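A.B. asks: Chains F and C, in that order, are what the protein sequence lines are.
When you line the first sequence up against this note's numbering, it's residues 1 to 160, in that order.
When you line the second sequence up against this note's numbering, it's residues 1001 to 1298, in that order.
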Amino acid sequence: MSNTTGPSAVTLNVNGVPYPIVINTDRTLSTVIRNEIGLTGTKEGCDDCECGACMVLLDGRPINSCSYLAAQAQGREITTVEGLASQDDLSPLQRNILAAGGVQCGFCTPGMLMSATALLNENPSPTKEEVRIGLSGNLCRCTGYARILDSVIQTSVEIN
Amino acid sequence: MTMTIANSLDDVLSGLANGARPIAGGTDLVVGSRQGKGALPDHLIAIDRVHELATIDVGDAGTRIGSGVTHATLMTNPTVVDSFTAIADAAALVGSPATRNVGTIGGNVMNGSPAMDTGAPLVVLNARAELRTLESTRLVHLDELWVGPGRTSAQKNELCTALVIPQQPESSGSAYVRLEYRRTMEIAIVGAAAAITLDDGIIRSAHVALTAVAPTILTVEGLAPLIGKPVDETTLATVAELASEQAAPISDLRASERYRRQMIGVMASRAVDAAARRAGGETLSVPVNRALGVGAQS
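1. Tell me the residue span of the alpha helix (DSSP H) that contains G1107 (chain C).
2. Do the region 1150–1158 of chain C and the region 1042–1052 of chain C make contact, defined as three or more Cβ pairs closer than 8 angstroms?
3. What residues from the region 1239–1261 of chain C come within 7 angstroms of chain F, judged by C-beta to C-beta, listed N to C?
4. Please list, in chain order, the chain F residues whose beta carbon lies closer than 8 angstroms to that of L1053 (chain C).
5. Which residues, in order along the region 35–57 of chain F, keep a beta-carbon less than 8 angstroms from a beta-carbon of chain C?
6. The region 1089–1114 of chain C: which residues have C-beta closer than 8 angstroms to a C-beta of chain F, in chain order?
7. When burial is assigned at 16 or more other CB atoms within 10 Å of the CB, is N123 (chain F) buried or exposed?
8. Relative to the alpha-carbon of R1278 (chain C), which residue among C:D1082, C:I1065 and C:A1162 has its alpha-carbon at the smallest distance?
9. Would you list the residues sitting across from V10 (chain F) in a DSSP beta bridge?
10. Any beta-carbon of chain C closer than 8 angstroms to the one on D26 (chain F)?
11. Contact between the region 73–86 of chain F and the region 41–55 of chain F: three or more CB pairs below 8 angstroms?
12. How should L1236 (chain C) be labelled, buried or exposed, when 16 other C-beta atoms within 10 angstroms of its C-beta is the threshold for buried?
13. If you draw a straight line from the C-alpha of N96 (chain F) to the C-alpha of T1076 (chain C), how long is it?
14. Identify the contact partners of N64 (chain F) in chain C, using a Cβ-Cβ distance below 7 angstroms as the criterion.
15. Buried or exposed for L1179 (chain C), going by 16 or more other Cβ atoms inside 10 Å?
16. Just the chain C side, please: which residues come within less than 9 angstroms of S156 (chain F) by C-beta, in chain order?
17. Taking the CB atoms as reference points, tell me whether L12 (chain F) and Q74 (chain F) lie closer together than 8 angstroms.
18. Determine the DSSP secondary structure at M1185 (chain C), reduced to helix, strand or coil.
19. If you reduce the DSSP assignment to three classes, tell me which class I1216 (chain C) lands in.
20. With H, G and I counted as helix, E and B as strand and the rest as coil, what does DSSP make of M1263 (chain C)?
21. Could you have a look at C66 (chain F) and say whether DSSP puts it in helix, strand or coil?
22. Under three-state DSSP, which class holds R1049 (chain C)?
23. For chain F, check one thing: does any of its Cβ atoms lie closer than 8 angstroms to the Cβ of I1203 (chain C)?
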């Protein structure tokens, strides 16, 4: 059992890198990732658990980081959109969403990528309905979703 | 403000005895604090790493669903899907995948919202909440636990550790149906759960409970006339009438009182129909909203 009195020193593991930081306990994971750790790929849209722009993976499963307390994420593996590419190579999903035209303004894209990445890790051959459910917590106001769905299906075809 | 990460149930119960408040997924607590429903507690104790809260155990006294079991687990766990299907129906409708990954049944129950999706299913399945302190354990019927919107009869030092559900008789089925405007990140406009036991196609027992039409989850009374009858248009109309009569909904931005009162009858009769079909051996996929085309379409 660890007891922390805020502001307190915590270590967050983000994309395989331990970040020792000092934060208040009421800080949400999204603000800490963006403002303390400096990884701004994670977006804050509604800041109310509705839009999914803040989606990150916690031990491999998508969560809304705008509504998760950073101090509670100690000892967990956090993955952000910056953790998807290896060196200069985009992940297959990232390549496909670009190729399919699934990115317009781009604000929802990091969250979409995190939800879809988790979905494909858990279920490499999702049906279109399963992709819809997997992405149901992510809002996009530009694309109409069709090309995003296509890119996830295309990726599942490639990885199988 | 402090955050303690508990690794054992004793850690949690000691923390509560010292005035800390529990946090599991935080999907109600953190969002609520930002929406002005109340500041975050000064001392939080994270209970999501306590293994003994996250198990589903089948025993002689019934099935014990740990309070830390997430909605994502509830909607896929074979015991829940097979024996307590209404709970799986409800869990599959909660929020989005991200909500279901961290939101828990204990959080849903103890948050005490009259719109909670797992509440009505638990009531029709005759579940009790296990409340523990360092010194004591008690089982509380849910109608004694919920005393008003967002209020429970649990003491501050008590943790809901599990929901305990008795084994259902042979030829039983349950279902939860929700009226919704959209398929994701939705809160029940109204909802209804039913648990039905059949004897050769004839209703042997019937329980119906309603979501978001009263200050707490509402149990429908007066279902005795259904016993001994088949599930047909007449019995379903009786259910609808009783549900609409007994509902005491409010008007708010999601729906008017009048609309809720009308729709709760429809939802209650659909829930009974779906539960009876499951009791009769038919497979209706989870959530039954999608299987029957009830609620918002994609």
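Backbone N, C-alpha and C define an ideal beta-carbon position, used for all residues, glycine too.
Just so it is clear, the structure is predicted and the values come from calculations on it, not from any experiment.
C.D. replies: On the basis of the supplied data:
1. Counting along the chain, the alpha helix (DSSP H) containing G1107 (chain C) begins and ends at I1105 to N1111.
2. no
3. none
4. Ordered by position in chain F, no residue passes the 8 angstroms Cβ test against L1053 (chain C), which lies about 15 angstroms from the chain.
5. D47, D48, C49, E50, G52 and M55
6. G1095, S1096, P1097, A1098, T1099, N1101 and V1102
7. By the C-beta density criterion, N123 (chain F) is exposed, having fewer than 16 other C-beta atoms within 10 angstroms.
8. C:D1082
9. F:I21
10. yes
11. yes
12. buried
13. 30 angstroms
14. A1098
15. buried
16. By Cβ distance, chain C contributes nothing, its closest Cβ being about 17 angstroms from S156 (chain F), past 9 angstroms.
17. Yes.
18. coil
19. As written in the sequence, residue 1216 (chain C) is Thr, which differs from the Ile given in the question. Residue state, collapsed to three classes: coil.
20. Three-state result, M1263 (chain C): helix.
21. helix
22. coil
23. no
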